[in-house]
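What follows is one structure encoded as structure tokens, with my remarks underneath.
Numbering (the numbering used here), first residue to last: 3 to 380.
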């Protein structure tokens, strides 16, 4: 019953609905007419579960699979909250993996090995790899070949890999292939798939993340931890109804992608007009842009000063690259889907005004105070 205690990993019907959803939209997205029975023959409901958000599940995975002080490799730049997700309960240490090539193409085994050796030289045991695809903050999609290579590398070291696909259904340019498909649904005991409703369904307040793993021992451990972070039964039943409503899901995702595309094109068009370089994105809800030419100095302090000016003078918040472990000062993530297109346009116009002032008064940067820029906010 929805009103009684039940399996902390999820109600049976809700886990069946999740298995159906994952099979249809991640494993075999081209099979739009897949039946409920066919889907459950591909992904067993007892291998999926719910948790109070993706962060909660990542924290639990770290607690179950690693020991305090173990290293978790994460390709940089990466989502700033991962540091806390991995450390606050399990005590794991996030180790950025800096790509020697283009970071939008993903890490190479050499990049991963160098980061692992550096961590081991500091006395850490490298236990896990956490990779987000599509990438946050860059918004690019790693190819199946890249994903295969990094997982093969992790397996060669007897490591676990967490694949966070929280933006998988928010693509607008290019084809995304889930790790479920790339590995032919053969995750084994060491690859674990994370997804949540917060981004693709714009429902971060639901606090509902999902895990698919073929490691049954891990699931038994999670069943104990999920007592503290399970999803309420009424919420599970409501989401199960949505997962099973094919017409609604397809229509919602189509409309969402079109809105994302519209805001992305608005944002990047104005960045082009400002002559601000950025990584072309194919998915997600953000643009990763290079404001390094505007900094008072090419340092983390210069980046922080620029961020403060944006907030104080224009009420604009962008995530600094330093918070995402980018080695280059001046990189910022713009979340263009957080507001309506009208507010986005207003923010980009304010940003443009600030950039004009900085470029005009380049040798007098210290004079660019909120008071001297009071006309930014009309």
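Backbone N, C-alpha and C define an ideal beta-carbon position, used for all residues, glycine too.
Residue i versus the options, residue with shortest Cα-Cα distance
{"i": "residue 24", "options": "14, 174, 41, 377", "result": "41"}
{"i": "residue 71", "options": "80, 96, 60", "result": "96"}
{"i": "residue 332", "options": "340, 339, 323, 338", "result": "323"}
{"i": "residue 184", "options": "195, 175, 339", "result": "195"}
{"i": "residue 267", "options": "297, 174, 127", "result": "174"}
{"i": "residue 312", "options": "147, 26, 350", "result": "350"}
{"i": "residue 379", "options": "315, 119, 263, 330", "result": "315"}
{"i": "residue 339", "options": "260, 238, 125, 61", "result": "260"}
{"i": "residue 293", "options": "232, 361, 241", "result": "361"}
{"i": "residue 178", "options": "207, 104, 134, 129", "result": "134"}
{"i": "residue 21", "options": "309, 345, 114, 243", "result": "243"}
{"i": "residue 90", "options": "376, 28, 65", "result": "65"}
Short Cβ contact (7 Å threshold) for residue i with residue j
{"i": "residue 94", "j": "residue 74", "result": "yes"}
{"i": "residue 307", "j": "residue 143", "result": "no"}
{"i": "residue 10", "j": "residue 217", "result": "no"}
{"i": "residue 327", "j": "residue 79", "result": "yes"}
{"i": "residue 286", "j": "residue 136", "result": "yes"}
{"i": "residue 290", "j": "residue 168", "result": "no"}
Alpha-carbon to alpha-carbon, residue j and residue i
{"i": "residue 107", "j": "residue 223", "result": "35 Å"}
{"i": "residue 165", "j": "residue 138", "result": "12 Å"}
{"i": "residue 153", "j": "residue 67", "result": "16 Å"}
{"i": "residue 256", "j": "residue 47", "result": "27 Å"}
{"i": "residue 215", "j": "residue 15", "result": "18 Å"}
{"i": "residue 226", "j": "residue 118", "result": "31 Å"}
{"i": "residue 296", "j": "residue 43", "result": "55 Å"}
{"i": "residue 77", "j": "residue 145", "result": "15 Å"}
{"i": "residue 176", "j": "residue 253", "result": "19 Å"}
{"i": "residue 207", "j": "residue 200", "result": "7 Å"}
{"i": "residue 321", "j": "residue 335", "result": "5 Å"}
{"i": "residue 12", "j": "residue 116", "result": "40 Å"}
{"i": "residue 88", "j": "residue 101", "result": "21 Å"}
First through last residue of the alpha helix (DSSP H) which encompasses residue i
{"i": "residue 335", "result": "Not the alpha helix (DSSP H): residue 335 falls in the beta strand (DSSP E), residues 333-336."}
{"i": "residue 86", "result": "84-89"}
{"i": "residue 62", "result": "56-67"}
Where the beta strand (DSSP E) containing residue i begins and where it ends
{"i": "residue 51", "result": "50-53"}
{"i": "residue 128", "result": "128-134"}
Near the ligand MN: residue i beta-carbon under 6 Å from a heavy atom
{"i": "residue 125", "result": "In the structure on display, the ligand MN does not appear, and there are no ligands present to speak of."}
Curious, which full-length alpha helix (DSSP H) runs of at least 4 residues does the region 189-267 contain? 199-202, 218-227, 235-246
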